Each structure stands twice: as C-alpha cells, then as structure tokens.
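To keep things clear, I will list the structure first and then write my remarks on it.
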Amino acid sequence: MESSSVKFLVIGSGIAGLNFALSASKYGNVLLITKKRLIDSATAKAQGGIAAVLDPNDSFASHIKDTLVAGHFKNKKSAVEYLVKNAPRAIARLESLGMKFDKKARREGGHSFFRVAHAGDNTGAIVEKTLIKAVSKNPDIEIREHTKAIKIIKKNGQAIGIIAHDEQKNCTYEIRAKAVILATGGIGQKFKNTTNPKISEGDGIDMASSAGASLKDMQYIQFHPTVLFAPKKPRFLLTETLRGEGAKIINENHEQFLKKYHPLAELAPRDIICNAMWKEEKKGHHFFLDFTHKDSKKTKKDFPYIYKNLKKYGFDLTKDSIPIAPAQHYLCGGIAVDLSGRTSIPGLYAYGETARTGVHGANRLASNSLLEGLVFTMDIPKELR
C-alpha cells in the first residue's frame with residue numbers, strides 16, 4: 001500500500017480542524033484531509049455567533065456561571081474557565097485574519113448579557129470562509145478534499161497515522177504522522193431529525209473508539225427547540241438569536257406557554273425549552289416561532305439568510321408563524337481529552353464537537369460551540385512544538 005508521511009495530519013475542515021492547521025503550521029508541515037469539500041462542515045451552517053466577554057460591563061464570572069447553569073453543573077469547571085478567559089483572544093484571532101463582526105453584540109438563550117459576537121445571521125459561513133482563505137494560502141498546509149479517513153493505525157499503543165481513501169481516484173493509502181488530529185464534527189446523521197449537515201456521521205468518534213480511545217458523556221445530546229418542521233421541507237435551523245431579539249414560541253392557540261416552565265421563557269436554556277415542548281406535545285399541542293410583531297424591514301435587514309431560506313421553503317418570517325419542532329443539534333460528549341486535546345491514545349488528538357473537553361456539561365450554552373473550536377486549537381500541545 002502506498003504511504004506518505006507528515007508531521008501533523010488533520011482530519012476535518014470545520015472551525016477546529018482549520019484553526020488547528022493554522023496553529024500547527026508554525027511547527028511543521030500539515031496535511032488536512034476532508035471527505036467532501038472544505039466548505040462542507042457544520043461550522044458553515046452555524047447561524048448564531050461566538051460568545052465572548054468584550055463589553056466592560058460584562059464579566060468572565062457571568063459567562064462562566066451561565067455556561068455552568070446551562071450545563072446543569074456537569075461541566076468541567078477548569079475547562080469552562082479556560083474557554084471563557086480565552087474567548088476575547090479567539091475573537092481577536094479571527095479579526096486578525098480579516099473577519100469582520102457586527103458592532104452590536106446579541107443575546108441568546110441562557111446568557112445574562114449581550115455577548116454574542118456575530119456577522120449578520122450567518123456567522124459560521126463567514127468564519128469558515130475566513131479560515132479557508134488563510135489555510136489555502138499557507139505554504140505549509142496541504143489540502144486534500146474528497147479524502148476519507150477509514151482507520152487509525154497504531155504501533156506499540158501509539159497512533160502513527162491512518163488509512164485513507166481518495167474517493168475521486170478510488171484508491172486507498174496510508175498517511176503516517178507524528179500527530180493525528182480528529183476534528184470531524186458530530187453525530188447528527190445518526191438521528192432521523194437533525195440540524196447537522198450530511199457529513200456529520202460520527203466518523204472520527206467511531207474510528208477513535210475502534211482504536212481504543214476513551215469516550216465520555218456520550219449520553220449528553222443537545223436538541224435545538226426552534227427547527228422548521230413542515231412536510232417535505234428540510235429541518236432548517238432558526239437561530240437562537242431570533243429569540244434574543246424577541247421571537248415568541250407559541251402553540252396553535254397563540255399562547256406563550258414557556259412562562260409556565262421557566263422565568264426566562266424563550267431565553268431559557270435549550271434543553272429546558274425542549275422539555276417544555278415535549279410535555280406540551282403530550283397534551284396535543286404543536287408549536288410555532290412567531291416574529292411577526294417585529295418591524296419587517298429590520299427583520300429582512302438583520303436576518304437575511306433566514307428570511308431568504310424560509311421564503312424558499314414557502315414561509316415569510318415577517319408575516320407567518322413558522323411551524324417548529326426540536327431536532328438533534330449537538331453532541332456535548334465525545335472523545336475524552338484534556339485541555340490540550342490529548343486523548344487516551346498517545347499521538348491521537350481531538351478537538352471541536354468530536355472532543356469532550358467538559359466545557360458543555362449536560363447541555364451546551366448557545367454560541368459556545370464555535371468558541372470551543374477556536375479556543376482549544378489556538379495553542380497546540382507542547383510536545384508537538
């Protein structure tokens with residue numbers, strides 16, 4: 001079998017994989033592979049933004065508390081503190097690469113402050129394109145699209161590479177590496193209803209488990225409460241930010257029932273809203289997201305991506321109450337790692353949704369996911385420098 005070698009082998013082209021590749025390129029050659037195109041990632045579908053304490057009236061303590069409360073205090077506190085305290089640096093990192101955020105931060109469910117940095121209502125796509133541009137012009141990073149990792153190669157208990165399949169050339173070969181980095185995203189396609197793209201099949205987690213790596217908190221699966229639910233329509237995500245800007249979740253009788261379940265109502269953490277909807281569904285109710293009371297011109301200006309897509313699916317955000325139901329959204333567990341991304345197998349590292357750092361606990365706080373993908377890939381492990 002044909003074989004090649006590289007210092008860093010990165011599998012996955014979302015925010016974690018791309019950012020790790022940039023960080024690692026200072027210390028050696030990087031090969032980044034992805035099973036489809038670079039742009040095909042969950043990151044590119046993320047609408048909300050990146051949570052960070054950037055306002056002097058906000059505080060790290062508040063962001064930490066919000067994260068712990070959302071996670072039902074099942075979080076690893078040291079990981080949460082690391083995440084929150086490095087968030088401003090993560091925003092600065094993106095800005096240094098040319099990313100432009102809107103001037104006004106937004107508030108999302110579970111946050112006690114307006115701290116979500118965003119670029120319109122399609123932040124993930126702009127983040128993805130910014131990182132792809134930086135990676136593509138870096139001479140120390142090689143990119144191979146349509147290349148799928150099949151199996152992790154181990155020797156004497158250490159990960160030393162993978163077996164990969166080039167789908168376009170229809171050939172299988174080995175890639176040896178000092179460090180194998182898994183940044184393959186989540187497991188959404190294992191569920192009937194999910195907000196995840198088709199590539200989110202859990203490949204990296206499956207490979208790591210087969211190689212003997214430890215997994216943790218796999219039972220913590222987050223569902224998003226506001227996902228389009230209509231016959232023959234895709235499960236299109238309706239960002240948390242809509243509720244931060246005043247959207248109401250109502251039933252068929254136009255009742256805002258969430259007030260019965262949590263004082264924050266629409267701004268409660270996602271799992272609380274989903275549980276409330278489940279209880280109400282058992283009573284025979286169904287649900288809608290209503291934004292019709294807001295100024296239509298401002299809605300079209302602030303949420304162009306959502307407005308355009310809903311129109312394509314036959315709904316007008318400014319005139320219609322949008323039918324919704326929860327759908328699988330995010331894996332809070334994953335491959336067990338330390339704060340540097342080390343797994344239980346030497347030479348194997350994991351980042352982003354693939355990894356379980358402990359920051360999310362039992363339920364993720366809105367807009368902490370892109371943040372996690374950035375923060376934990378800014379500084380690579382000392383042994384790899």
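No gaps in the numbering here: position 70 of the sequence shown is 70 in our numbering, and each next residue is one more. Quick reminder that beta carbons are idealized off the backbone N, C-alpha and C, glycines included. Keep in mind it's a predicted model, so treat the numbers as computed, not measured.
- DSSP places isoleucine 205 inside the alpha helix (DSSP H), whose first and last residues are 203 to 211.
- Contact between the region 214 to 224 and the region 249 to 256 is absent: fewer than three C-beta pairs spanning the two stretches fall below 8 Å.
- Between phenylalanine 20 and tyrosine 351 a beta carbon distance of about 6 Å is seen, short of the 8 Å cut, so the two are scored as contacting.
- A straight line joining the alpha-carbon of arginine 235 with that of asparagine 156 spans about 45 Å.
- Using a C-beta cut-off of 8 Å, the region 94 to 105 makes no contact with the region 135 to 145, since fewer than three inter-stretch Cβ pairs fall below that distance.
- Excluding five sequence positions before and after alanine 117, the CB atoms of its chain that fall closer than 7 Å to its own CB belong to Gly49, Ile50, Ala52, Leu54, Ile91, Phe101 and Ala105, given in chain order.
- Per DSSP, the continuous alpha helix (DSSP H) segment holding glycine 244 begins and ends at 240 to 244.
- Looking only at Asn368, Val80 and Ala336, the smallest Cα-Cα distance to alanine 61 is reached by Val80.
- DSSP, reduced to helix, strand and coil, places aspartate 338 outside both helices and strands of the structure shown, so it counts as coil.
- Under the DSSP assignment, aspartate 166 falls outside any alpha helix (DSSP H), being part of the beta strand (DSSP E) whose first and last residues are 158 to 166.
- In the DSSP assignment, valine 30 is bridged to Phe8 and Ile141.
- Looking at Asp40, Asn275 and Leu384, the one whose alpha-carbon comes closest to that of lysine 283 is Asn275.
- Residue nearest to glycine 361 within the set Ser344, Gly333, Leu339 and Asn122 is Gly333 (criterion: CA-CA distance).
- Around the beta carbon of histidine 286, fewer than 16 other beta carbons sit within 10 angstroms, so the residue counts as exposed.
- Look at valine 127 here: in three-state DSSP terms it is helix.
- Note on geometry: alpha-carbon atoms of glutamine 168 and lysine 35 lie some 10 Å from one another.
- Between asparagine 363 and aspartate 217, the C-beta spacing is not below 7 Å.
- Under the three-state reduction of DSSP, leucine 228 is assigned to strand.
- Tyrosine 173 is bridged by DSSP to Ala164.
- In this model, serine 4 and glycine 110 are separated by some 47 Å (Cα to Cα).
- Between the region 325 to 345 and the region 202 to 212 there are three or more inter-stretch CB-CB distances shorter than 8 Å, so the stretches are counted as touching.
- Residues Thr130 and Ala134 of the same chain have their beta carbon placed closer than 6 Å to that of leucine 97, with the five preceding and five following residues left out of the count.
- Across the structure, aspartate 121 and proline 304 are spaced so that their CA atoms are roughly 7 Å apart.
- It is roughly 53 Å from the alpha-carbon of alanine 265 to the alpha-carbon of tyrosine 173.
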